[in-house]
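Just so you know, the sequences run in chain order A and B.
Mapping to the numbering used here: the first sequence position 209 is 245, numbers consecutive.
Mapping to the numbering used here: the second sequence position 164 is 200, numbers consecutive.
Take a look at the structure set out below.
Protein chains: 2
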Amino acid sequence: MTLLNSVVIQQLKRHGALSEADEALLIELEHSSRRVVAGEILWQEGSDVALFCVLKEGWAYSFRYLDNGSMQILKVYLPGDIIGMRDFGFSKRLAGVAMINAGVVCPFSPQHLSQLIRASPTLATGVVAIAVRQQAMLTERLVYIGRHTAQQRLGHFLYEIYLRLRRIGAVEEGRFQLPLSQEQLGDVLGLSAVHVSRTFSMLREEGLVLKERQEVFFPDPEALAKMAEFNATYLDESLPPAFLGID
Amino acid sequence: MTLLNSVVIQQLKRHGALSEADEALLIELEHSSRRVVAGEILWQEGSDVALFCVLKEGWAYSFRYLDNGSMQILKVYLPGDIIGMRDFGFSKRLAGVAMINAGVVCPFSPQHLSQLIRASPTLATGVVAIAVRQQAMLTERLVYIGRHTAQQRLGHFLYEIYLRLRRIGAVEEGRFQLPLSQEQLGDVLGLSAVHVSRTFSMLREEGLVLKERQEVFFPDPEALAKMAEFNATYLDESLPPAFLGID
DNA sequence: AGCACTTCATAACATAGGTTATGGGCCGCT
DNA sequence: AGCGGCCCATAACCTATGTTATGAAGTGCT
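Structure follows, in structure tokens:
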């Protein structure tokens, strides 16, 4: 999974907005790649903003440590996502980033990103669109962490991951791999690990989510989406006409 | 309070990064202005993205309705903020926006914003920086809504507002106006209005926050910041050297 | 001044989720 | 194969916050 195959970029391409030079610039972004091990910390909160990454293989998450010793996971990154954009325009990292499982990342510098933005208005808008979409997912979590039950929070998160994985072809026969531990899920959702476990049990009893080891299956995806009050518009990939140069 | 006086732009100016043409473009953004009444809804979730606004006077908030009839307030806007940037790159609004009290807004079109970004790399980076900073505030709320007590949530929110108001000169002798009702505060923090009331009582008894009518005063700002685990780096306005063209 | 309306404080009660503890299953290491 | 270490499930108990209700205070309208 490369950035070039990511959904926003693919859409620009489909509309013929992407020149060959643009494509070359994108491929150049993934020029160097590095293998990373499970649990590896890519950077810590407060460090200098020295690089961003395209996540090519594996899962990652950004996080903040809390004073009580636990952590809040801010965002889960899947293959094809850009990691670190959150810090663009800041001197120091606002959050750490760690790998969940083993994978491959393609690091590139802020200068490289600035260059790319200056070199191609199309790519600049694409990058902005990607950043805005990542933030929209964050906003969505704010909404459902605020006033929803544990079942809805977990259901919503799982369903979002399911849709994102499906877009990159990582769902087979309705099944997908979830490499997060229940403790990590708790850190995502603001729940204790014990309650995540309880909630999985409830979802199983209600026939909404089956999970065995890391494999997840939804017997009735629509019912799950309904229970979680899932509204997919925030994941909508269609770019407005102005972005595609059609206006 | 105009955009030109906002902290990010002022910083660009101080470093001589802002040309006269750039300044003219910014002033042009506020060419037309409109008086808005308290409670006025600027737009609803799901409507077309037709315009953005510079908020010149008054307070506003963006929000999402929840299925249970309540709402989640996503962000509170103060004078000098740009409203609607969240939707840049989407076709439909992801959230509604309403005025808290009466004020003045300066609407401008997405095309206008695109033009400005194309016309001036400096302003483009400035706009990105503003957007990233607004999102950083959102992230911060996600962190403390996830795993903090009601006291910390309310304390954190009040302290953030206090710092933001101070930057625009709206704090006098340590006092500031807070035009939000307790119900609205609950919608910001994911708490019931009753519990917001209880929490104010607790904060008063602990000598951390005094509130009379809409006027708020912190007898000991440092103690409040400490209780709320407030870390100001996410509000830090200093732009990295690359943004100021010094690298 | 009087009236309706909203906002706020407080109390009593209900509950979702946190905490601590225990045991079982699975994994990797030697 | 045996051992130590996670990860997970479940139970018992505790607490922060939600819910509902009531009255007081403030606000705006006529």
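All C-beta atoms, glycine included, are put in the ideal place defined by N, C-alpha and C.
With a threshold of 16 other CB atoms inside 10 Å of the CB of residue i, please say whether the residue is buried or exposed.
i      : result
B:Q2   : Residue coverage of chain B in this structure runs from 37 to 283, which leaves residue 2 of chain B outside it and unanswerable.
A:D283 : Because the pLDDT at A:D283 is just 49, under 50, the model does not fix this residue reliably, and the value given afterwards should be weighed accordingly. The residue in question, A:D283, is exposed, as its Cβ has fewer than 16 Cβ neighbours within 10 Å.
A:P115 : buried
B:R100 : buried
B:H67  : exposed
B:A60  : exposed
A:S98  : buried
B:D223 : buried
A:A268 : exposed
A:Q171 : buried
B:Q188 : buried
A:D58  : buried
B:A134 : buried
A:G82  : exposed
A:A155 : exposed
B:E209 : exposed
Any idea what DSSP makes of residue i, helix, strand or coil?
i      : result
A:E32  : The requested residue 32 of chain A is not part of the displayed model; chain A covers only 37 to 283.
B:D283 : Low confidence applies to B:D283: its pLDDT is 49, below 50, so where it sits in the model is not reliable, and the reading given next is rough at best. Three-state DSSP puts B:D283 in coil, outside helix and strand.
B:F124 : coil
A:G222 : helix
B:I119 : strand
A:L39  : helix
B:R129 : coil
B:R78  : Rather than Arg, the amino acid found at residue 78 of chain B in this sequence is Leu. DSSP places B:L78 in strand when its eight states are reduced to three.
B:P277 : helix
Got a sec, what are the start and stop residues for the alpha helix (DSSP H) residue i sits in?
i      : result
B:Y180 : 157-183
A:M238 : 229-241
A:E64  : 56-65
A:I315 : This structure leaves residue 315 of chain A out entirely; chain A is present only between 37 and 283.
B:M107 : No alpha helix (DSSP H) holds B:M107; the beta strand (DSSP E) holding it covers 107-113.
A:I197 : 186-203
A:A259 : 257-263
Pull the bridge partners of residue i from the DSSP assignment, please.
i      : result
B:Q213 : B:E251
A:Y33  : Limits of chain A in this structure are 37 at one end and 283 at the other, which puts residue 33 of chain A out of reach.
A:V72  : A:G139
B:E93  : B:V140
A:R154 : According to DSSP, which records beta bridges pairwise, A:R154 is partnered with nothing at all.
A:D84  : A:K128
Going along chain A in order, which residues have a C-beta closer than 8 Å to the C-beta of residue i?
i      : result
B:I181 : L178, I181, G182, G226
B:P143 : Correct list: empty, because the minimum Cβ distance to chain A is about 17 Å.
B:Y97  : Simply none; closest approach about 13 Å.
B:L110 : T175, L178, V179
B:G125 : T161, V164, A165, V168, R169, L275, P276, F279
Since residue i meets chain B, which of its residues come closer than 7 Å, beta carbon to beta carbon?
i      : result
A:R154 : P157
A:L102 : R183
A:V85  : P276
A:E265 : D103
Run through chain B and tell me which residues come within less than 8 Å of residue i, C-beta to C-beta.
i      : result
A:Q171 : R122, Q171, L174
Got a sec, what are the start and stop residues for the beta strand (DSSP E) residue i sits in?
i      : result
A:G139 : 139-144
A:G132 : 132-135
Identify the contact partners of residue i in chain A, using a Cβ-Cβ distance below 7 Å as the criterion.
i      : result
B:K128 : T269
B:S106 : R183
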